[in-house]
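See structure below.
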Amino acid sequence: MSEPFARDDVQSLEPVHEGEGEPSVGRWTRRLVLFLRVMAAVSMLKGLYHWSRVCGIGVDANDVFQYHSIAWQAATVFFAVIDLVAAVGLWLAAAWGAVIWLTAVASMLAVKIFFPQVFGTSLLTGGLEGGVLVLYLGLALKSAQEQPP
250 MSEPFARDDV QSLEPVHEGE GEPSVGRWTR RLVLFLRVMA AVSMLKGLYH WSRVCGIGVD
310 ANDVFQYHSI AWQAATVFFA VIDLVAAVGL WLAAAWGAVI WLTAVASMLA VKIFFPQVFG
370 TSLLTGGLEG GVLVLYLGLA LKSAQEQPP
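The structure is reproduced here in C-alpha cells:
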C-alpha cells in the first residue's frame, strides 16, 4: 500500500514566505509610492478642508456655504468628494487612485485658469498643482523605465 502523503504533498504545505521569488522593487518605484502616499495625505487634507467649507466649520457667519454662488457650491462639493476618493486610491497606490488624483489636479488647474470667478486667481495654488503634476509624470516615467519588459 502507498503512503497517505507523498513527500511533495508535505513540502507543499510549508508556510509561504513573503518576498521569496518576487523581484525587488526599484528605487524609482519606491520614490513614486512615497510620493503617492504624500499626495494622499495632501488630498485628504484638501478634501477635509472643502467639507469644512460645506459644513460651515471654521468660517465666518457671512461666509457660509449657502451665501456663495452656485458655481462655487458645485465646485466645492466636487472637490470635497474627489479629493477624498483620490486620497484612498493614492494611499493604496492603485492605478485608479492616480487617475482620480490626476482628474482632481487637472480640474483644479482648469478652475483656477479658466474660471477665476469661482475660487479666485492664485498663482501659488496653480503653480503647486502644476508642479506636483510634473513631478508625478517624471516619477512615473522613471519608474516605468526600470520595470522589466
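Per the numbering used here, the sequence shown starts with residue 250, numbered consecutively.
Beta carbons are placed, not taken as given, at the ideal position from N, Cα and C, and that holds for glycine.
Model, not experiment: these values are computed from the prediction.
{"query": "DSSP three-state assignment for Asp309, whether helix, strand or coil", "result": "coil"}
{"query": "Any C-beta of chain C under 8 Å from that of Ile331", "result": "As a matter of chain content, chain C is missing from the structure shown, which is built from one protein chain."}
{"query": "Stretch-stretch touch, CB-based, cutoff 8 Å, three pairs: the segment 304 to 316 with the segment 333 to 340", "result": "no"}
{"query": "Classification of Arg276 by the beta-carbon crowding that lies within 10 angstroms, buried from 16 upward", "result": "exposed"}
{"query": "Host alpha helix (DSSP H) of Gly376 (start-end)", "result": "Leu372 to Gln394"}
{"query": "N- and C-terminal bounds of the alpha helix (DSSP H) containing Leu322", "result": "Rather than Leu, the amino acid found at residue 322 in this sequence is Gln. That run of the alpha helix (DSSP H) goes Ile319 to Trp340."}
{"query": "Contacting residues, own chain, Cβ-Cβ under 7 Å from Met293 (five flanking each side not counted)", "result": "Leu333 and Ala336"}
{"query": "Pairwise C-alpha distance: Ala389 and Leu339", "result": "13 Å"}
{"query": "Inter-residue spacing [alpha-carbon to alpha-carbon] between Gly369 and Lys361", "result": "7 Å"}
{"query": "Delimiting residues of the alpha helix (DSSP H) encompassing Phe314", "result": "Segment: none, Phe314 is in no alpha helix (DSSP H) and carries neither H nor E."}
{"query": "Pro365, enclosing alpha helix (DSSP H) - first and last residue", "result": "Pro365 to Phe368"}
{"query": "Close beta carbons around Trp321, own chain, < 6 Å, minus the five adjacent residues each side", "result": "Val367"}
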